[in-house]
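So the structure is just underneath, and the comments pick up after that.
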């Protein structure tokens, strides 16, 4: 359709242009270029130059800008972003300009306000809330403001001035600013001002000190105010005062934990808004089709964006964005909402905001309702580029239906049980300590030992920790347990193995541990599929249940099917960015490292329990994950060494043991040593500090747990040696002083993180040491290997009737020692044996080279693979690596024969 002209579409525009000759030409000149960021100062000067006072000049500027936006928007020259950016810019400019003018007047009359404690001059912070705070202001909108001043005190009044308290000064300043902006005079108004969002609302003081704001938010701040303060933006004020205010507001709005309780709060707030809109529509049927507050309207899109901000903004600073549109885009980037859904929501938001503006263009009125008059509806349809009213209403309904569906999907109350289970659950809810009632319900669900389960439930409910909970938390917990009971039954039935009691016990242990953190209970209530995943995981693995109980924040990883883990390079980049955001806050950096590691580990655990990873692939992933954490820890711990002499440390971490062999498990510690290659005099002491901080960063207990236990016993000279060795000293030690068992350990060593040049030098040293000619000392080599094996037997005696997969003869340690012997004995002739390929691959290579019987090598490799899998399964159940001998008896013979042929001859 041909665009509708501003003169034909907007009654306000036509009246304003016609009122004074020359206005049409001014609007035409203004609209040739984008109005997103016009030179407001120059435009205002044009008005002031005619001798017009500031309040009238600002109103004329506002009217000129509005006329220009109407014209550009309806002619298809401006998009939504231009319109809202221009209006926000004007509001900011008007506030700053008027405040500076009024401040000068008041200071001249009463003196400069001065802080009683700091002695500094004071300036009022005007906080833009709502759409102005978010940079998305309507063309005919109120502006929501809050006035804050830094501290109490008095004005520095001169002889001819009347002193005031700072509070009275800024209250007067605030009143004058409101009048300057909103008083209706011959040129209209600049902006209507709403102060209802200030502390204590309309009954609160017009201006509040920082201390007053802090006390209010801590003591009285309500959930809906968190929503409002997300968009708070200081338009005026000194930078240090704005930073102080931000430090007060941030912890009120954004919780350090994942705050899923906000879903219920927003649900209740939305219900109140909808109830009021419905009441108004019943009283005034002509006010239906409210595009802002109605079903599927703008407010529901804002709620959809802000619920993620309130849940996650405490842990992800990027989500503290004030713009609804930018927040939605971030949700897609963070994979918190499907990109296609975000695009549809952005389309709906643009359509609804454009429609809202066209409703306001008619008469410059603050309206959000499609008019009842058919002629006006047709005019609005044409302004939207649509042929008729039916098409307009159909498009409106389409957009609102999509938004409403997404809103319902997010905010629907999912805590109600199915009808067929309700009677039994209601009976339990009425008397949660009635053993017979609970037993009958568990029996009806098919529990294998309903009385035992009922006793456990009653015992949990009577635990002091739960008895001391507030009534609301106890009611939520009871509802959650009742929801879980049939899911436990279904999970055990589906798995076909395991008992209801064990799974229920693990779940109750978990719920009892997190009962005081309402956010976790809210998450499980709001996302029932997450509760189902928790139950399945706890049924599959006792270790997983313990891990989740220790780190309940990992519930977030079960929210959706993002699945998988990040590639190491991608993870390293993301981790580095998060650590950079927290630079200077070591405590937070330690938690970021732990939270990232636990989250990745938990994703691997989920894949593992789903049967999607072999033990070998799992170990590869866990080892690569550890490498990333080690590298990040070295990089950021070095930045905390105040005496550091170089920007990048010439320092490397060398991995031994399971990490060195890339056979890491879920709870493995890290065997590492530290090397440096730096001639600076201060280098040894600085790198010793770095190594100590590395260990502290890894092992310190924080609210997020620990990262890894660290073992440095394999460094040169062991516990009596230096914590950090120079590369040259390490090479001398390995060539001249190292024991055979240390060379055995070297077969599984590799460069892990740090300076790549040192890593390359280490690999060359390792290769040279392992390839020493030991052909003339074969008997001595065998004896040293046997001696070390005997020591390990003595150090870890097996006093059970079970077979120890690691330590007993024919077990995993025997296989590892055989491989180490073969490498040390034959690498001088066959350098391919020095490759760090893992025990199974090295056995195969040795067999192919004819160093051992190839068939025996293959059987021993299969035994090692079987034992690693059994060990892994036992650890997932939280049990030691010991099995009934009958499970492995047939697999021990090739290992024993291989040992005899290699080391007993």
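In the numbering used here, the protein residues as written are -12 to 892. Glycine is no exception: its CB is placed at the ideal position from the N, C-alpha and C atoms.
Helix, strand or coil at residue i according to DSSP, with G and I counted as helix
{"i": "residue 638", "result": "strand"}
{"i": "residue 120", "result": "helix"}
{"i": "residue 502", "result": "coil"}
{"i": "residue 794", "result": "coil"}
{"i": "residue 674", "result": "helix"}
{"i": "residue 182", "result": "coil"}
{"i": "residue 141", "result": "strand"}
{"i": "residue -9", "result": "coil"}
{"i": "residue 107", "result": "coil"}
{"i": "residue 112", "result": "strand"}
{"i": "residue 321", "result": "coil"}
{"i": "residue 147", "result": "coil"}
{"i": "residue 713", "result": "strand"}
{"i": "residue 845", "result": "helix"}
{"i": "residue 864", "result": "coil"}
{"i": "residue 656", "result": "coil"}
{"i": "residue 242", "result": "coil"}
{"i": "residue 311", "result": "helix"}
{"i": "residue 455", "result": "coil"}
{"i": "residue 884", "result": "helix"}
{"i": "residue -2", "result": "helix"}
{"i": "residue 408", "result": "Note that residue 408 scores a pLDDT of 47, beneath 50, so its modelled location is shaky; the value from the coordinates is reported in the next line. Helix."}
Rounded Cβ spacing between residue i and residue j (contact assumed at less than 8 angstroms)
{"i": "residue 505", "j": "residue 460", "result": "6 angstroms"}
{"i": "residue 633", "j": "residue 741", "result": "The pair is not a contact, with the Cβ atoms about 13 angstroms apart (cut-off 8 angstroms)."}
{"i": "residue 664", "j": "residue 748", "result": "7 angstroms"}
Between the CA atoms of residue j and residue i - distance to the nearest angstrom
{"i": "residue 516", "j": "residue 101", "result": "57 angstroms"}
{"i": "residue 860", "j": "residue 695", "result": "21 angstroms"}
{"i": "residue 409", "j": "residue 346", "result": "The predicted position of residue 409 is uncertain, since its pLDDT is 49 and thus under 50; a value taken from the coordinates is nonetheless stated next. Spanning the two alpha carbons is a distance of roughly 48 angstroms."}
{"i": "residue 180", "j": "residue 449", "result": "54 angstroms"}
{"i": "residue 286", "j": "residue 55", "result": "27 angstroms"}
{"i": "residue 288", "j": "residue 600", "result": "40 angstroms"}
{"i": "residue 602", "j": "residue 473", "result": "33 angstroms"}
{"i": "residue 575", "j": "residue 569", "result": "6 angstroms"}
{"i": "residue 607", "j": "residue 423", "result": "51 angstroms"}
{"i": "residue 70", "j": "residue 126", "result": "7 angstroms"}
{"i": "residue 382", "j": "residue 121", "result": "27 angstroms"}
{"i": "residue 233", "j": "residue 284", "result": "30 angstroms"}
{"i": "residue 730", "j": "residue 811", "result": "8 angstroms"}
{"i": "residue 793", "j": "residue 526", "result": "26 angstroms"}
{"i": "residue 79", "j": "residue 222", "result": "6 angstroms"}
{"i": "residue 483", "j": "residue 824", "result": "38 angstroms"}
{"i": "residue 734", "j": "residue 715", "result": "20 angstroms"}
{"i": "residue 11", "j": "residue 5", "result": "8 angstroms"}
{"i": "residue 911", "j": "residue 377", "result": "With the chain covering -12 to 892 only, the question about residue 911 has no answer from this structure."}
{"i": "residue 16", "j": "residue -5", "result": "19 angstroms"}
{"i": "residue 496", "j": "residue 596", "result": "20 angstroms"}
{"i": "residue 882", "j": "residue 803", "result": "10 angstroms"}
{"i": "residue 654", "j": "residue 211", "result": "43 angstroms"}
Best match in the options for proximity to residue i [C-alpha to C-alpha]
{"i": "residue 225", "options": "392, 110 and 799", "result": "110"}
{"i": "residue 310", "options": "296, 739, 320 and 321", "result": "296"}
{"i": "residue 848", "options": "320, 191 and 827", "result": "827"}
{"i": "residue 428", "options": "384, 471 and 390", "result": "471"}
{"i": "residue 493", "options": "865, 635, 722 and 385", "result": "865"}
{"i": "residue 67", "options": "867, 835, 42 and 371", "result": "371"}
{"i": "residue 920", "options": "335, 446 and 436", "result": "What the structure shows of the chain is the stretch from -12 to 892, and residue 920 is not part of that stretch, so it cannot be assessed."}
{"i": "residue 22", "options": "46, 9, -9 and 65", "result": "65"}
{"i": "residue 751", "options": "722, 773, 344 and 775", "result": "722"}
{"i": "residue 40", "options": "77, 60, 53 and 89", "result": "89"}
{"i": "residue 198", "options": "136, 185 and 98", "result": "136"}
Residues sharing a beta bridge with residue i, DSSP
{"i": "residue 356", "result": "277"}
{"i": "residue 152", "result": "141"}
{"i": "residue 783", "result": "DSSP lists no partner for residue 783."}
{"i": "residue 42", "result": "The partner list for residue 42 (beta bridge, DSSP) is empty, contrary to what the question assumes."}
{"i": "residue 101", "result": "108 and 141"}
{"i": "residue 663", "result": "638 and 713"}
Any non-hydrogen atom of the ligand NAD within 8 angstroms of residue i CB
{"i": "residue 474", "result": "As presented, the structure is devoid of all ligands, the ligand NAD included, so that no description of it is given."}
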